[in-house]
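Protein sequences, first through last, are from chains A and B.
Numbered per my numbering, the first sequence spans residues 1 to 148.
Numbered per my numbering, the second sequence spans residues 1001 to 1548.
Backbone N, C-alpha and C fix where the C-beta goes; we use that ideal spot for every residue, glycine too.
Beneath this line is the structure, given in structure tokens, with notes to follow.
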Amino acid sequence: MAVANAALAMVGGIGVTMLQRQRNQLYSFMAKNPLGHALLRSRRDFSARSSSSLLPPDVSRLAETARIALTPDEVEEFAPKIGQVIDWFGQLQAIDLQNVDPALRADAESNNLREDLPETFDNRESLLAAVPTYEKPYIKVPKVLNKD
Amino acid sequence: MLSAAAQNPRPLLQRGGRKFNLQKCRRSRHFYHSVQAVSSFYPQSETLSSPSSSSEILTIRKSLLSRERKAVEIAQNYLNRLRSTEPQIRSFLHISQNVMSEAEQIDRKIERNEELGPLAGVLIGVKDNICTVDMPSTGGSRILENYRPTFDATAVRKLRECGAIIVGKTNMDEFGMGSTTENSGFQVTANPWNAERVPGGSSGGSAAAVSARQCVASLGSDTGGSVRQPAAFCGVVGMKPTYGRVSRYGLMAYASSLDVIGCFGSSVADAAILLEAIAGHDRFDATSSKREVPEFTSQLEAAEFLDSKPLKGLRVGVISETLGDGVDSGIVSSIQAAASHLEELGCTVKEVNMPSFSLGLPAYYILASCESSSNLSRYDGIRYGNQIAAEELTSLYGACRANGFGSEVKMRILMGTYALSAGYYDAYYKRAQQVRTLVQKNLKATLTENDVLISPAAPSPAYRMGEKKNDPLAMYAGDIMTVNVNLAGIPALVVPCGFSEVGPSGLPIGLQIIGAAFDEAKLFKVGHIFERTLQRCRFVPPLVDKDV
């Protein structure tokens, strides 16, 4: 998703320090209180996104990206809920994580990889039997249109 | 019934609020006695031959080996109870047609004096996101309605090799996303203790089935608490092993960096026997550990010879952040009573702080949403599952997924898609992974100074049905006690430790015991001694108590 830096530029022009201070206060509260989102509900303007390059979720576009055909009713129902959760995610922006390495997963062992060799799956017929539209020897799909 | 704080969990863990006070806990032994008072309310069944915490698996084995009972009688007994309770509980999505014939085979083996596997004749329920070749496996999703896998999950294969009878597939929140089992695409499961309450989730069917004695034990999966929270809500034992202890081959992926298959039993011993059966390296799961699997159960038998201080010298840390504001008062007093109980058993109990505790919840939900949006992209309606006809391929994908997924799954995929969008990765996924590092370090350090940590398994007893349905954040808040354990990949055991109130309306409460990576043996030992010495607490729901 291409995101312009317009929001950042806009905020940059008006009283950054004051906004910054308010936001910091808010986030220091949120960091202490993970469920403090209730406070933010009516004050979406103060979420981390508004001052950075992060735009609010556009549910219709997200659904297109995720290949889920939502009804207009679903878009209306999901948008506030998703917005609320994304705002709540935003509390992590306030924590100092400099010099902290990201952990890809649990602190588990590695080097258990087997050799990358093809093997024959012995229940091949049942795999094919599960295909909804199958015309031997092809798995059939409708035409592929390239929108670009 | 529930305190105001439990109804509104928002102020949970606010600093400066009510804090857990160990001194107060030491003084107030009445908590422990109140637990006894609760359980004495339940009339002891006359047919009762053993306390609810004795191993049903070992009892079955003994009676088969001594030829006191036949496997078909045992199986029939469970099937009868399953049929009579299922209309109220609705824990199963599929029930095997082969239970009686498999039991007959076991009886023939006994007649021929052949060796019996450790789980011979034991009826086990399997969560529906774990693949079984002889039964549909839907993961609780309409998109996989009637889907039949072409192979058994490694955990299921191992159970069968041990002689277990897979009785059926248990209900769950769709693909594991939920904490109440209300997000199943098929049916809502009731809590056996109170039909108006949820069994917890996402492994709600597996927990309810063991609680209602519809099967002996069951498999679940735990990504953020999905074994431990329903175990607590249903009054059964739940084990979430170390990440990598059990192969995930054949487990439908939700969040691969967190997912682990776990076990339910009506006793710690049963959960230990089950884990011993399914654990170990598997060439089909590169993240499964090559570490040797200890004989969990032999260590438990030794613990039967209890002296007065069987846990002498064990260092127990009570995570103070888990007993703050927003946690139901009945939960706090039960955990304090459990801490006193452990002290009486010889443990050194002290309060510990976990500064990163509150950060785990948002970090967990970011990671889980992101990974699920990627993992669930495989459900496209082309190779398996329900297909909706369309003119063009992209519309076919869109229609299949719109038709097959429920609301919660759609929303999580969209949240994950958002957080993984180009340019957003650093702000969400990467930061959440950095928080995971903090949580891992924090827990590791705390577990070098303590042998085990304890906390509640959930901030309240079982919710009312529908209570959290339209407020995702209220639902997520209920996972605060369990998610950090998944982020760190360490094991945790939940053991029932009390009831929310005296009387027949009391709901079970679970104690979470957290250990270092691959230290499940210690958790089983502590849990086993804890449950065997918990006086007159009987965790059999009134619904089936006369019958057990």
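Residue i classed as buried or exposed, judged by whether at least 16 other C-beta atoms fall within 10 angstroms
i, result
"cysteine 1489 of chain B", "With the sequence shown as reference, residue 1489 of chain B is identified as glycine, and cysteine is not the correct amino acid for it. Glycine 1489 of chain B should be labelled buried."
"phenylalanine 1530 of chain B", "buried"
"asparagine 1470 of chain B", "exposed"
"isoleucine 82 of chain A", "buried"
"glutamate 1391 of chain B", "exposed"
"tyrosine 1384 of chain B", "buried"
"arginine 1401 of chain B", "buried"
"asparagine 123 of chain A", "exposed"
"lysine 1062 of chain B", "exposed"
"threonine 71 of chain A", "exposed"
"isoleucine 1278 of chain B", "buried"
"arginine 114 of chain A", "exposed"
"glycine 1466 of chain B", "exposed"
"valine 144 of chain A", "exposed"
"lysine 140 of chain A", "exposed"
"serine 1203 of chain B", "buried"
"phenylalanine 1518 of chain B", "buried"
9 Å Cβ cut-off: residues of chain A touching residue i
i, result
"threonine 1223 of chain B", "None at all; the shortest Cβ gap to chain A is about 12 Å."
"arginine 1283 of chain B", "Asn112, Arg114"
"phenylalanine 1405 of chain B", "Ile68"
"isoleucine 1366 of chain B", "Phe89, Leu92"
"serine 1257 of chain B", "Ala103, Leu104, Arg105, Ala106"
Partner residues on chain B for residue i, Cβ-Cβ distance less than 8 Å
i, result
"serine 53 of chain A", "Gly1423"
"alanine 94 of chain A", "Near alanine 94 of chain A there are no residues of chain B at all, since even the closest Cβ is about 10 Å away, more than 8 Å."
"valine 131 of chain A", "Ile1382, Arg1383, Tyr1384"
"leucine 70 of chain A", "Ala1402, Lys1410"
"proline 57 of chain A", "Leu1414, Met1415, Tyr1418"
"leucine 117 of chain A", "Residues of chain B passing the Cβ test: none, with the nearest at roughly 12 Å."
7 Å Cβ cut-off: residues of chain B touching residue i
i, result
"alanine 66 of chain A", "Ser1373, Ile1413, Leu1414, Thr1417"
"proline 102 of chain A", "Lys1430, Gln1433, Gln1434, Thr1437"
Partners in chain A for residue i, counting only beta-carbon separations shorter than 7 Å
i, result
"isoleucine 1382 of chain B", "Ile139, Val141"
"phenylalanine 1151 of chain B", "Asn123"
"proline 1362 of chain B", "Pro34, Trp88, Phe89, Gln91, Leu92"
Same chain, Cβ closer than 6 Å to residue i, five either side skipped, listed in chain order
i, result
"valine 1494 of chain B", "Arg1228, Ala1231, Ala1232, Gly1238, Ala1457, Gly1510, Gln1512"
"leucine 1314 of chain B", "Cys1347, Asp1451"
"threonine 120 of chain A", "none"
"glutamine 1440 of chain B", "Ala1488"
"methionine 1415 of chain B", "Ser1369"
"tyrosine 1428 of chain B", "Ile1366, Ala1419"
"leucine 1359 of chain B", "Val1435"
"alanine 1474 of chain B", "Lys1468"
Any non-hydrogen atom of the ligand SAH within 6 Å of residue i CB
i, result
"lysine 1430 of chain B", "For the ligand SAH, the structure offers nothing, since it holds no ligand at all."
Proximal residues to residue i (C-beta, below 8 Å), its chain only, five neighbours per side dropped
i, result
"threonine 1549 of chain B", "Because chain B here runs from 1001 to 1548, residue 1549 of chain B falls outside it and cannot be looked at."
"methionine 1411 of chain B", "Pro1472"
"serine 1374 of chain B", "Gly1416, Leu1420"
Own chain residues within Cβ distance below 7 Å of residue i, not counting five before or after
i, result
"glycine 1185 of chain B", "Gly1140, Ser1141, Arg1142, Glu1174, Gly1406"
"tyrosine 1379 of chain B", "Ile1143, Gly1385, Arg1401, Gly1404"
"leucine 128 of chain A", "Tyr134"
"threonine 1085 of chain B", "Ala1212, Gln1214, Leu1543, Val1544"
"aspartate 1107 of chain B", "Lys1070, Ala1071, Val1072"
"glutamine 1275 of chain B", "For clarity, residue 1275 of chain B is leucine in the given sequence; the question names glutamine instead. The answer, listed in chain order, is Met1239, Pro1241, Cys1263, Phe1296, Glu1520."
Amino acids of chain A, ordered along the chain, whose beta-carbon sits closer than 8 Å to that of residue i
i, result
"glutamate 1392 of chain B", "Pro142, Lys143, Val144, Leu145"
"proline 1472 of chain B", "Lys81, Gln84, Val85"
"alanine 1286 of chain B", "Asn112, Leu113, Arg114"
"alanine 1190 of chain B", "Those within 8 Å of alanine 1190 of chain B in chain A number zero; the least Cβ separation is about 26 Å."
"tyrosine 1147 of chain B", "Ala130"
"glutamine 1387 of chain B", "Pro132, Thr133"
Interface residues of chain B facing residue i [CB-CB closer than 9 Å]
i, result
"serine 60 of chain A", "Ordered by position in chain B, no residue passes the 9 Å Cβ test against serine 60 of chain A, which lies about 10 Å from the chain."
* Asked: Do three or more CB pairs link the region 1161-1174 of chain B to the region 1138-1149 of chain B at distances below 8 Å?
  -> yes
* At least three beta-carbon pairs within less than 8 Å, the region 1343-1352 of chain B to the region 1415-1424 of chain B -> no
* Asked: In chain order, which continuous runs of the beta strand (DSSP E) of length 3 or greater are located wholly inside the region 1466-1506 of chain B?
  -> 1492-1499
* Given 8 Å, three or more beta-carbon pairs between the region 1355-1364 of chain B and the region 1113-1121 of chain B -> no
* Asked: Are three or more beta carbon pairs between the region 84-94 of chain A and the region 1361-1380 of chain B nearer than 8 Å?
  -> yes
* Hey, which unbroken runs of the alpha helix (DSSP H) at 4 residues or more fall wholly within the region 1089-1167 of chain B? -> 1099-1111, 1154-1161
* Asked: Any contact of the region 1445-1455 of chain B with the region 1512-1525 of chain B, i.e. 3+ C-beta pairs under 8 Å?
  -> yes
* **Touching by the beta-carbon criterion (3+ pairs, under 8 Å), the region 1256-1275 of chain B and the region 1204-1223 of chain B** => yes
* What runs of the beta strand (DSSP E), each 3 residues or longer, lie entirely inside the region 1188-1241 of chain B? -> 1217-1221, 1237-1240
* Any chance the region 1244-1262 of chain B sits against the region 1123-1130 of chain B, with 3 or more Cβ pairs inside 8 Å? -> yes
* Asked: Are the region 1179-1193 of chain B and the region 1147-1167 of chain B in contact at 8 Å, needing three or more beta carbon pairs?
  -> no
* Uninterrupted alpha helix (DSSP H) stretches inside the region 63-103 of chain A (no shorter than 4 residues) -> 72-89
* At which residue ranges does the region 1249-1318 of chain B contain complete beta strand (DSSP E) runs of 3 or more residues, listed in the order of the chain? -> 1261-1265
* **In chain order, each alpha helix (DSSP H) run of at least 4 residues that lies wholly inside the region 1513-1539 of chain B** => 1520-1533
* Asked: Which full runs of the beta strand (DSSP E) of 3+ residues lie inside the region 1324-1390 of chain B, going along the chain?
  -> 1348-1352
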